[in-house]
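Structure first, commentary second.
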Amino acid sequence: MATLAKGAMASSLPSWADVSWDMIPDPSVKPLPYLVTAFLAIVLVYSLQASVFGVKNPIPLLNPRRPFEFTDTRAKKDFVFGSKKMLGDWFGANPDKPVRLISGFGEVTVLPPHLANELRNDNRLDFSKWTYKAFHAQIPGFDGFKEGTRDTNIVQAVILKDLTKYLNKLTEPLAEETAFALAELLPTGDDDKDNCTWHSIPLRETMLRLIARISSRVFLGEELCRDEAWLKVTREYTVDSFKAAEELRLWPAASRFIVHHFLASCRKIRTHVREARRTIAPVLARRREEKLRNPELAFNDALEWFEQAAKGEEYDPAIAQLVISLAAIHTTTDLVCQTLTELVRHPSIIPALRAEITTALRDGGWKKTSLYNMKLLDSVIKETQRVKPISLVSMNRVALSTVELSDGTVIPRDSLLNVSMHKMWDPAVHANPAAWDGYRFLRMRETPGREHQAQLVSTGPDHLGFGHGQHACPGRFFAANEVKIALVQLLLKYDFRLPAGGPEPTARAFGFSYSTDPFATMEYCGREPEVEV
1 MATLAKGAMA
11 SSLPSWADVS
21 WDMIPDPSVK
31 PLPYLVTAFL
41 AIVLVYSLQA
51 SVFGVKNPIP
61 LLNPRRPFEF
71 TDTRAKKDFV
81 FGSKKMLGDW
91 FGANPDKPVR
101 LISGFGEVTV
111 LPPHLANELR
121 NDNRLDFSKW
131 TYKAFHAQIP
141 GFDGFKEGTR
151 DTNIVQAVIL
161 KDLTKYLNKL
171 TEPLAEETAF
181 ALAELLPTGD
191 DDKDNCTWHS
201 IPLRETMLRL
211 IARISSRVFL
221 GEELCRDEAW
231 LKVTREYTVD
241 SFKAAEELRL
251 WPAASRFIVH
261 HFLASCRKIR
271 THVREARRTI
281 APVLARRREE
291 KLRNPELAFN
301 DALEWFEQAA
311 KGEEYDPAIA
321 QLVISLAAIH
331 TTTDLVCQTL
341 TELVRHPSII
351 PALRAEITTA
361 LRDGGWKKTS
371 LYNMKLLDSV
381 IKETQRVKPI
391 SLVSMNRVAL
401 STVELSDGTV
411 IPRDSLLNVS
421 MHKMWDPAVH
431 ANPAAWDGYR
441 FLRMRETPGR
451 EHQAQLVSTG
461 PDHLGFGHGQ
471 HACPGRFFAA
481 NEVKIALVQL
491 LLKYDFRLPA
501 GGPEPTARAF
511 GFSYSTDPFA
521 TMEYCGREPE
531 VEV
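The sequence shown begins at 1 in UniProt numbering and counts up one residue at a time.
Laid out in structure tokens, this is it:
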């Protein structure tokens, strides 16, 4: 009976030969099966395209998309929170081999530092296009990055032609503004110098305010450098634009033109841009009127330099100021914070630093040559930058055409690439590289043939803190002087210590960024400086 029933059931099922098109459901009537099938097919193709259908790239990919992953969201998060370990593990085992990463910027090829000299002046590799793409320069609010990547880049012209040219004349005004700012930011009141009261500060926020203030003295002169509305804009735009850029990178590139409208971080930086324009416009209008009445009138600050560099061409003065502030404030603040932290960890070097600073200032006063003669201080800052640079990579570029390197590495056109900094921590280059040694570059400077290589502003494959080649940081000479002036006054006027029992400041890696601890606190008390500053 069971056999008969099974036979009857089998005979009742149609074969493919018996199926007509009329038996297949009309998709307009029953679309769900078709939609599900199409969706699954798209997911399958999309998730397998890189590994099965895509062009094979011989350079290993550290965080590939997994099977059936529809987007790079997980890979991007792995990059954001695990980049330091990923790159450390790879280059620890393969110091001279390139590697790829899926990042918020897109897929990036990270090259070993021995190729840095080969890349440094290659016009097929473009820095501006990297910045344009990485910081969403086409999206409102990121105007500072757009202005800084224009073909007619007046910001770079001003930095190279004017800022560096006037360094000697700027030293004393910077020192003067530093003294004014510290009196407000780190007051000591009526502290007894022999038994001072310790005061606690949020380190990063305090140094951010200091650097914004003294940078603005050069960029905008005395008129606006103490204007709290302007200082607030420059501080907050510097911090918030980087945060907004990171947040937007987590979204697929095609969706960012829509997503930015709804992200609070992006709306916030658009507000900063509007406020910057409101602040700068009346100052510039007043200056132009004064110069019409007196054509010989001149102002020695970046607001004036931009006017001259534009040569009558239309430009956005407020955005130009934001660009130069971005370049100066972000990296300089980080370097001052980290250097101060290392000095507190290694207090035995501080007496030697104070002695060197005192001698240089007594002999020459606030001059560029005096800062040059602070060679131990120069070494301390460079060593800090070696141990904890602002980024895990340097020399960010976009390939304008396909580039084949000497080791056979092929960089396809439109690829993103940069160079790892791991030689800065290589025991073959630096003895005991994990240890901070403030005298390291002073000893190197005293070695015949290596004196120039040991200076803070020098660049090379072994030390990429300021980049290397034609796109090395053009403002590094100003930044070096600014950091030194700030540290001179901090060291002579104050003692510092970490709070007892508090957490040890820890640098944070976030994608390629490597920043000083944003939550670090420090304690200070006033002291009598050895020389008037």
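Note that CB positions come from ideal geometry on N, CA and C, so glycine has one too.
(request) Starting from Ile211, follow the alpha helix (DSSP H) in both directions and report where the run begins and ends. (result) Counting along the chain, the alpha helix (DSSP H) containing Ile211 begins and ends at Leu203 to Cys225.
(request) Count the CB pairs spanning the segment 335 to 343 and the segment 382 to 396 that are closer than 8 Å, and state whether there are at least three. (result) In short, these stretches touch, since the Cβ pair count reaches three.
(message) Here's a check: name, in chain order, each residue in its chain whose Cβ is nearer than 8 Å to the Cβ of Asn481, leaving out the five neighbours to either side.
(response) Here Asn481 has Leu167, Leu170, Thr171, Leu174, Lys368 and Leu371 as same chain residues with Cβ atoms under 8 Å from its own Cβ, once five neighbours each way along the sequence are excluded.
(request) Please list, in chain order, all residues of the same chain as Thr164 whose beta carbon is under 7 Å from its beta carbon, the five residues on each side excluded. (result) Once the five neighbours on either side are set aside, the close Cβ partners of Thr164 are Phe477 and Phe478.
(message) Just to confirm before moving on: does the CB-CB distance between Ala320 and Phe306 stay below 8 Å?
(response) Going by C-beta atoms, Ala320 is nearer than 8 Å to Phe306.
(request) Kindly indicate the opening and closing residues of the alpha helix (DSSP H) around Ala181. (result) Taken as a continuous stretch (DSSP letters only), the alpha helix (DSSP H) holding Ala181 covers Leu167 to Leu185.
(message) Is the beta carbon of Ser103 closer than 8 Å to that of Gly511?
(response) Cβ distance < 8 Å, so Gly511 and Ser103 count as in contact.
(message) Applying the 10 Å Cβ sphere with the 16-neighbour rule, what's the burial state of Gly467?
(response) Gly467 is buried by the Cβ-count criterion.
(message) If I measure Cβ to Cβ from Glu504 and keep anything under 8 Å in the same chain, skipping five residues before and after, which residues do I get?
(response) Around Glu504: Leu498.
(request) Would you mind reading off the limits of the beta strand (DSSP E) that contains Glu523? (result) Per DSSP, the unbroken beta strand (DSSP E) holding Glu523 starts and ends at Thr521 to Gly526.
(request) Specify the secondary structure class of Thr109 as computed by DSSP and reduced to three states. (result) Strand at Thr109.
(request) For Tyr514, name the three-state secondary structure that DSSP assigns. (result) Tyr514: strand per DSSP, three-state reduction.
(request) Rounded to whole angstroms, what's the CA-CA distance from Asp437 to Gly312? Just pull it up for me. (result) Rounded to the nearest whole angstrom, the CA to CA distance from Asp437 to Gly312 is 50 Å.
(message) Quick check: what's the CA-CA separation for Met395 versus Gly365?
(response) Approximately 37 Å, taken between the alpha carbons.
(message) Less than 7 Å between C-beta atoms, sequence neighbours within five positions excluded: which residues of the same chain meet that for Trp90?
(response) So the list reads Leu62 and Val99, once near-sequence residues are dropped.
(request) Kindly indicate which three-state DSSP category Val80 falls into: helix, strand or coil? (result) DSSP, read as helix, strand or coil, puts Val80 in helix.
(message) Rounding to the nearest angstrom, what Cα-Cα distance links Thr459 and Arg267 in this structure?
(response) For Thr459 and Arg267, the distance between alpha carbons rounds to 38 Å.
(message) Could you compute how far the alpha carbon of Ser200 sits from the alpha carbon of Lys493?
(response) Distance between the alpha carbons of Ser200 and Lys493 is about 16 Å.
(message) Just verifying my parser: in three-state terms, what is the DSSP assignment at Ala75?
(response) If DSSP states are grouped into helix, strand and coil, Ala75 belongs with the helices.
(request) Please list the segments of the alpha helix (DSSP H) lying wholly inside the segment 451 to 492, counting only runs of 4 or more residues, in order along the chain. (result) As far as the segment 451 to 492 is concerned, it has no whole alpha helix (DSSP H) run of at least 4 residues.
(message) Within 10 Å of its beta-carbon, does Thr331 have 16 or more other beta-carbons around it, so buried, or fewer, so exposed?
(response) The residue is buried, with at least 16 neighbouring Cβ atoms inside 10 Å.
(request) Output the distance between the C-alpha atoms of Ser215 and Arg150, rounded to the nearest integer angstrom. (result) If you draw a straight line from the Cα of Ser215 to the Cα of Arg150, it comes to about 23 Å.
(request) Check the C-beta distance from Gly475 over to Ala328 and give it rounded, since I have them as a contact under 8 Å. (result) Gly475 to Ala328, Cβ: 6 Å. Contact.
(request) Tell me, to the nearest whole angstrom, how far the beta carbon of His272 is from that of Glu236; I am working on the premise that it is less than 8 Å. (result) Sure, about 6 Å apart at Cβ, within 8 Å.
(request) Identify whether Thr240 lies in helix, strand or coil by the three-state DSSP scheme. (result) For clarity, residue 240 is Asp in the given sequence; the question names Thr instead. The answer is helix: DSSP assigns Asp240 an H, G or I state.
(message) Between the segment 398 to 415 and the segment 122 to 138, can you find at least three pairs of beta-carbon atoms closer than 8 Å?
(response) Yes, the segment 122 to 138 is in contact with the segment 398 to 415.
(request) On the DSSP bridge assignment, give the partners of residue 537 in chain order. (result) Within the shown structure, residues of the chain are numbered from 1 to 533, placing residue 537 beyond reach of any answer.
(request) Could you tell me the distance, in whole angstroms, from the CA atom of Pro140 to the CA atom of Val239? (result) Annotation: Pro140 to Val239 spans about 17 Å, alpha carbon to alpha carbon.
(request) With distances taken Cα to Cα, identify the nearest neighbour of Ile350 among Val457, Leu416, Leu487 and Asp407. (result) Check the Cα spacing between Ile350 and each of Val457, Leu416, Leu487 and Asp407: the tightest is with Leu487.
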